[in-house]
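See structure below.
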Amino acid sequence: MHSVRDVLTPEALGLMEAVHRTGSLAAAARELGVVPSALTYRVRQMEDALDVLLFDRSSRQARLTDAGHELLREGNRLLIELDAVAHRVRRVATGWEPQLTITADGVVSSTTLFELCEAFYALNPPTRLRIRSETLSGTWETLVSGQADLAIGCVVEVSQSRGILSRPMGQLAFVYAVAPHHPLAGVTGSISDELLQRHRAVAVADTTLRGSGLSVGLLGGQDVLTVPTMQHKLEAQLRGMGCGFLPECLARPYIAAGRLVVKTVDRRRSPMPMSYAWRGGTTATVKKGGRPALAPSASGAPGRGLSWWLEQLASPLTQLALLTRHHSV
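Convert by adding 545 to the 1-based position in the sequence shown; the result is the number in this note's numbering.
Listed below in structure tokens is the structure:
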């Protein structure tokens, strides 16, 4: 007895579709240029392998059973998928990656990131995108561990890891902000560490899997509410559940609307340097006109998908939008 994989071939599914369309085995055989007995044999092979009846032979016409309808429907879907796979393979052979994994830190503008994704898909590439969101050193870790090909918004001082290159993308400014009804909102003058320590801080958890990760702007012994993303931190501080530093661009509209109050604190926080990094042996050069370009190194050039993303990230306007454009218009 033949196995299902032996008999459910694209050719067999095509024979079955012809029988259904013409209404009889004889008509389908004439259309396909085969003898009816050969067609009948192929159909019985499929039925034996599946242990079901695919056609109702009680009448002169070959009518599909419910099982036959299901097989034809799913078979057509598989044939379409096979065509799509063949198309992808041909495109991948031209230098496109099958999949590109991009990790973006939670402080990166999702609006700008998805606009870049839209522009990438407009190229009709065969490359599948996978977007990850991490925080602090977790963003860099996905690149080092091989879980990502490109990391946007690295907030740790990147090391010279083998096979990984990075470029700066600007600095992220922070403000210390609290809700108008928070106890610190009415404090005048600069707030000392001693006073800050009496109030709960809101912190974003580092998503690294190695060690305890980074802790930014926290005081020893201070009560801490830990949340998964910067958006959660913003929400908690808007509700007066805690205090802490927020990216100025993220907090700006809420400050303007009076939902957050900026406070001066003794422990100032310097702007945070941000960078993007990628896996692969490339070096950045500058062409005439100052436009960055990618030149392959001895270890090989990146695929066309990664090259496209790196070209976009080299633009100062794109870098600025990724760090500051948190509110779509």
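Glycine included, C-beta positions come from ideal geometry on N, C-alpha and C.
(request) Take every Cβ of the stretch 713-729, pair it with every Cβ of the stretch 658-673, and state whether three or more of those distances are shorter than 8 Å. (result) Output reads no: the stretch 658-673 does not touch the stretch 713-729.
(request) Taking Gly789 as the reference, give the member of Ala802, Asp738, Ala571 with the closest Cα. (result) Within the sequence shown, numbered from 1, the residue matching residue 789 stands at position 244. For the residues Ala802, Asp738, Ala571, the minimum Cα distance to Gly789 belongs to Asp738.
(request) Check whether the Cβ atoms of Val732 and Leu717 sit closer than 9 Å, and answer yes or no. (result) By one-based count along the sequence shown, residue 732 stands at place 187. By one-based count along the sequence shown, residue 717 stands at place 172. Cβ atoms of Val732 and Leu717: not closer than 9 Å.
(request) Can you give me the Cβ contacts of Pro713 inside the same chain, cut-off strictly under 8 Å, excluding the 5 residues immediately before and after it? (result) Sequence index remark: in the sequence shown, residue 713 carries index 168 (1-based). Exclusion of the five residues before and after Pro713 leaves Pro818, Met819, Ser820 as the residues of its chain whose Cβ lies within less than 8 Å of its Cβ.
(message) Could you tell me the alpha carbon to alpha carbon distance between Leu674 and Thr567, rounded to whole angstroms?
(response) Position 129 of the sequence shown holds residue 674. Position 22 of the sequence shown holds residue 567. When rounded, the distance between both Cα atoms is 42 Å.
(request) Locate the alpha helix (DSSP H) running through Pro581, then write down its first and last residues. (result) Within the sequence shown, residue 581 is the residue found at index 36, counting from 1. First-last of the alpha helix (DSSP H) with Pro581: 581-595.
(request) Look up Ser815 in the DSSP assignment and say whether it is helix, strand or coil. (result) Counting from 1 along the sequence shown, the entry for residue 815 is found at position 270. Coil, per DSSP.
(request) Measure how close the beta-carbons of Ala649 and Ile676 come, nearest whole angstrom, since I'm counting them as under 8 Å. (result) Walking along the sequence shown from the start, residue 649 turns up at place 104. Walking along the sequence shown from the start, residue 676 turns up at place 131. Confirmed, about 7 Å.
(request) Give the straight-line distance between the Cα atoms of Ala866 and Ser815, rounded to the nearest whole angstrom. (result) Here the question's residue 866 lines up with position 321 in the sequence shown. Here the question's residue 815 lines up with position 270 in the sequence shown. Going from the Cα of Ala866 to the Cα of Ser815 covers about 20 Å.
(request) Take Thr863 and list the residues in its own chain whose beta-carbon comes closer than 8 Å to its own, dropping the five residues that flank it on each side. (result) To locate residue 863, count along the sequence shown from 1; it is residue 318. Excluding its 5 nearest sequence neighbours in each direction, Thr863 has C-beta neighbours in its own chain below 8 Å: Thr657, Leu661, Gln857, listed in chain order.
(message) Looking only at its chain, what residues have a beta carbon closer than 8 Å to the beta carbon of Thr774, apart from the 5 residues adjacent to it on each side?
(response) Along the sequence shown, one-based indexing puts residue 774 at 229. Excluding its 5 nearest sequence neighbours in each direction, Thr774 has C-beta neighbours in its own chain below 8 Å: Gly651, Ser678, Thr680, Val749, listed in chain order.
(message) Per the DSSP calculation, Arg821 is bridged to which residue(s)?
(response) Against the sequence shown, residue 821 aligns to sequence position 276. Correcting the residue identity first, residue 821 is Tyr in this sequence and not Arg. According to DSSP, residue pairing for Tyr821 in a beta bridge involves Ile697, Arg712.
(request) From the DSSP output, read off the bridge partner residues of Asp650. (result) To locate residue 650, count along the sequence shown from 1; it is residue 105. Bridge partners of Asp650: Glu679.
(message) I need the boundaries of the beta strand (DSSP E) containing Pro792, first residue and last residue.
(response) Here residue 792 corresponds to residue number 247 of the sequence shown, with the count starting at 1. Per DSSP, Pro792 belongs to the beta strand (DSSP E) from 789-792.
(request) Kindly indicate which three-state DSSP category Asp601 falls into: helix, strand or coil? (result) Indexing the sequence shown from 1 puts residue 601 at position 56. Secondary structure at Asp601: strand, using DSSP grouped into helix, strand and coil.
(message) If I follow the unbroken alpha helix (DSSP H) through Leu868, where does it start and stop?
(response) Indexing the sequence shown from 1 puts residue 868 at position 323. Its alpha helix (DSSP H) spans residues 861-869.
(message) Using only CA atoms, which one of Val806, Ile736, Gly848 lies nearest to Arg812?
(response) Numbered from its first residue, the sequence shown carries residue 812 at position 267. Comparing Cα-Cα distances from Arg812 to each of Val806, Ile736, Gly848, the minimum goes to Ile736.
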